[in-house]
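Student: Note that our numbering has the sequence shown beginning at 1, numbered continuously upward.
Beta carbons are placed, not taken as given, at the ideal position from N, Cα and C, and that holds for glycine.
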Amino acid sequence: SVWRVLDRYGPNLLHYKTIQEIELQRELEDSAKQISSALVRGKGGLAEECQTLLESFKQRLSEGQSGEKVDAEFRSSLQAILETCDKRAKAELERVFKSRKSKLPDAQKEEAKKKLSTPIEYQGELTRYTWSLCLADAVDRDQLRALKVHFKKTIEELWQVEASQSIAEQQARDLFNQEWEAFEEECRGRFAKTAKSKKQLAEEVCMVFNHVLRQHRHGDEALHVLELVPSS
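Structural data, given as structure tokens:
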């Protein structure tokens with residue numbers, strides 16, 4: 001309808017020369033959305049693939065595998081999945097182009113392809129963010145495990161020294177406290193590197209909000225009143 005066109009393209013009406021161009025652009029956008037919706041959120045789609053990938057690599061982290069190695073393999077695997085999905089989406093869009101009786105301008109084709117790739121990129125961005133949280137949690141677990149092993153060994157060494165040299169209780173306590181302070185300082189240094197500023201936290205919150213909004217606003221009329229939120 002005219003109102004729908006004005007609502008959707010009002011700010012950019014002067015960008016198009018005729019109402020036919022506007023309708024053509026709307027048709028291409030709808031096709032791109034249908035394709036991306038099926039490939040990203042459909043059964044067996046990109047969202048499910050990403051979740052399966054996350055679960056698989058989270059399991060590897062829980063088994064104690066090297067976080068650095070697992071992280072590199074995860075990012076490589078995710079990139080391969082995203083590229084495969086992008087190729088499938090563009091192939092589907094090409095079929096739509098070929099099924100049309102009239103030839104489409106190259107500029108509008110490229111614009112439609114960009115819109116098609118956007119939901120895939122958003123899903124990849126959200127998956128990387130989720131993975132970074134999983135990886136940080138695994139590092140924390142590794143540090144706790146290292147803490148237990150380190151101090152178990154320290155206590156055993158103190159017992160051996162006490163048995164052979166009759167070390168005083170206070171001296172043993174002092175040695176233990178020195179070990180604890182050294183380990184605590186190391187942990188503080190690591191936590192300081194992972195601390196996030198208010199701006200970084202705001203960017204992460206906005207990223208997740210905008211991801212959800214972009215994914216659902218065109219299928220839910222109630223979300224049309226919402227705008228993308230800048231982090232600044």
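CA-CA distance, residue 57 and residue 176?
Tutor: For this step, residue 57 is matched to residue 57 along the sequence shown. For this step, residue 176 is matched to residue 176 along the sequence shown. The alpha-carbon atoms of residue 57 and residue 176 are separated by roughly 37 Å.
Student: I think residue 119 touches residue 40, with their Cβ atoms under 8 Å apart; what is that distance to the nearest whole Å?
Tutor: Stepping through the sequence shown from its first residue, residue 119 is reached at position 119. Stepping through the sequence shown from its first residue, residue 40 is reached at position 40. Confirmed, about 5 Å.
Student: Measuring straight from C-alpha to C-alpha, what distance separates residue 212 and residue 124?
Tutor: As a first step, residue 212 is located in the sequence shown; it is residue number 212 there, counting from the start. As a first step, residue 124 is located in the sequence shown; it is residue number 124 there, counting from the start. The straight-line gap from Cα to Cα measures roughly 13 Å.
Student: Restricting to Cα atoms, I'd like to know which of 36, 183, 28 and 201 is closest to residue 106.
Tutor: If you number the sequence shown from 1, residue 106 lands on position 106. Considering only alpha carbons, the answer is 28.
Student: Rounded C-beta distance between residue 77 and residue 104? I'm assuming under 8 Å.
Tutor: Position 77 of the sequence shown, counting from 1, holds the residue named residue 77. Position 104 of the sequence shown, counting from 1, holds the residue named residue 104. Contact doesn't hold; Cβ gap of about 35 Å is too wide.
Student: By how many angstroms is the C-alpha of residue 189 removed from the C-alpha of residue 127?
Tutor: By one-based count along the sequence shown, residue 127 stands at place 127. By one-based count along the sequence shown, residue 189 stands at place 189. Their backbone Cα atoms lie some 28 Å apart in a straight line.
Student: Could you tell me whether the Cβ atoms of residue 117 and residue 89 are closer together than 9 Å?
Tutor: Along the sequence shown, read from residue 1 onward, the residue named residue 117 stands at position 117. Along the sequence shown, read from residue 1 onward, the residue named residue 89 stands at position 89. Yes. Within cutoff.
Student: Of the residues 109, 202, 63 and 108, which one's Cα is nearest the Cα of residue 145?
Tutor: For the purposes of this step, residue 145 is taken as residue 145 along the sequence shown, with counting starting at 1. Residue 145 has its Cα closest to that of 63, out of 109, 202, 63 and 108.
Student: Taking residue 45 as part of the alpha helix (DSSP H), name the residues at either end of that continuous run.
Tutor: The count along the sequence shown starts at 1 and reaches residue 45 at position 45. Element bounds for residue 45: n/a, residue is neither H nor E.
Student: Alpha carbon to alpha carbon, how far is residue 109 from residue 138? Give it in angstroms, no decimals.
Tutor: As a working note, residue 138 is residue 138 in the sequence shown. As a working note, residue 109 is residue 109 in the sequence shown. Roughly 44 Å separates the two Cα atoms.
Student: Report yes if the CB atom of residue 46 is closer than 9 Å to the CB atom of residue 82, and no otherwise.
Tutor: Indexing the sequence shown from 1 puts residue 46 at position 46. Indexing the sequence shown from 1 puts residue 82 at position 82. Contact: yes.
Student: Sort 186, 192, 154 and 131 by Cα distance to residue 174 and report the nearest one.
Tutor: Your numbering for residue 174 matches position 174 in the sequence shown. Nearest of 186, 192, 154 and 131 to residue 174, Cα basis: 154.
Student: Which class does residue 64 belong to by DSSP, given the choice of helix, strand or coil?
Tutor: Your numbering for residue 64 matches position 64 in the sequence shown. In the structure shown, residue 64 sits in coil (DSSP, three-state: anything other than H, G, I, E or B).
Student: Who are the near neighbours of residue 32 in its chain, counting only those whose CB is closer than 7 Å to its CB and skipping five residues on each side?
Tutor: Mapped onto the sequence shown, residue 32 falls at position 32. Once the five neighbours on either side are set aside, the close Cβ partners of residue 32 are 93, 112, 115 and 116.
Student: In terms of alpha-carbon separation, which member of 51, 49 and 142 lies closest to residue 65?
Tutor: In the sequence shown, residue 65 corresponds to position 65, counting from 1. Of the listed residues, the one whose Cα sits closest to residue 65 is 142.
Student: Leaving out five residues before and five after residue 51 in sequence, what residues of the same chain have Cβ atoms less than 7 Å from its Cβ?
Tutor: As a working note, residue 51 is residue 51 in the sequence shown. No residues qualify anywhere along the chain.
Student: Is the separation between the beta-carbon of residue 186 and that of residue 151 shorter than 9 Å?
Tutor: For the purposes of this step, residue 186 is taken as residue 186 along the sequence shown, with counting starting at 1. For the purposes of this step, residue 151 is taken as residue 151 along the sequence shown, with counting starting at 1. The answer is no: Cβ separation not under 9 Å.
Student: Closest to residue 100 by CA distance: which of 130, 84 and 24 is it?
Tutor: As a position in the sequence shown, residue 100 is number 100, starting the count at 1. Out of 130, 84 and 24, 24 has the C-alpha closest to the C-alpha of residue 100.
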